[in-house]
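In what follows, a single structure is set out as structure tokens and then discussed.
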Ligand code: URA
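Numbering (the working numbering), first residue to last: 1 to 218.
Here it is as structure tokens:
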């Protein structure tokens, strides 16, 4: 796996990540969603460097210009529900992408043990396309891997990118073992550990709840 950790280079991204982590600022859910969306836009920009490009001729009111533009067929797949603001950010830049949505949740067997239940798939065919799988919190890596396993019945993408905001070292190790070697991970920042409930520490808390409010657990 080719791993790109974006906060290694100082940029405005660090401010957006600081705001989503901040226990006071993150209470403003509109700002939280918008910050995740802005991070999605930055991930899209960075990821775009690795796409295939082709020349096209653009006609302006005054003449023509050859412009080098990305030529890939992109399918953007996100995990409901926490992935929605990140999906929007990526889609703001890859505005011609096809879109897929998959539901995945942690079904708790005990206070600290859970399994991932993947239920709903709405995805186009993936054959020969560039698949971008978006998941804001790469904690254990179990959700994004289960979703990928389920997506295999929708075709074989020519390349896979994972777009994430905050990850754990453990989660990265897990996805490295379960995705093809040429998969590219684009991630805002990486934290050291998980707590006994599988949450990233220091992380930010629950990205779904912070975006959309609390929910009853299954
Ligand atoms: N999902 C979250 O929203 N936060 C975590 O820390 C882990 C999974």
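We treat Cβ as the ideally placed atom computed from N, Cα and C, and that holds for glycine.
The beta strand (DSSP E) that contains residue 4, what's its start and end? For residue 4, the uninterrupted beta strand (DSSP E) segment begins and ends at 2-5.
Can you determine whether any heavy atom of the ligand URA sits closer than 8 Å to the C-beta of residue 207, and answer yes or no? Residue 207 Cβ: within cutoff of the ligand URA.
Can you name the start and end residues of the beta strand (DSSP E) that residue 131 belongs to? For residue 131, the enclosing beta strand (DSSP E) begins and ends at 130-134.
Taking the C-alpha atoms as reference points, what is the distance between residue 168 and residue 60? Near 47 Å, if we compare the C-alpha coordinates of residue 60 and residue 168.
Any idea if residue 40 is buried or exposed, counting beta-carbon neighbours within 10 angstroms, 16 or more meaning buried? A residue is called buried once 16 or more other Cβ atoms fall within 10 Å of its Cβ, and residue 40 is buried on that count.
Give every residue of the same chain whose Cβ lies closer than 8 Å to the Cβ of residue 123, excluding the five residues on either side of it in the sequence, and list them in chain order. So the list reads 75, 77, 100, 101, 102, 151 and 154, once near-sequence residues are dropped.
Taking 9 Å as the threshold (C-beta atoms), are residue 116 and residue 3 in contact? For residue 3 and residue 116, no; Cβs fall outside 9 Å.
If you count every other CB in all the chains shown that lies within 10 Å of the CB of residue 91, and 16 or more means buried, which is it? Here residue 91 is buried: its Cβ has 16 or more other Cβ atoms, across all protein chains shown, within 10 Å.
Touch check for the segment 200-210 and the segment 174-181: three-plus C-beta pairs under 8 Å? No, the segment 200-210 is not in contact with the segment 174-181.
CB of residue 214 to nearest heavy atom of the ligand URA: below 8 Å? No, Cβ of residue 214 sits at least 8 Å from all heavy atoms of the ligand URA.
So for residue 106, helix, strand or coil by DSSP? For residue 106, the secondary structure class from DSSP, reduced to helix, strand or coil, is strand.
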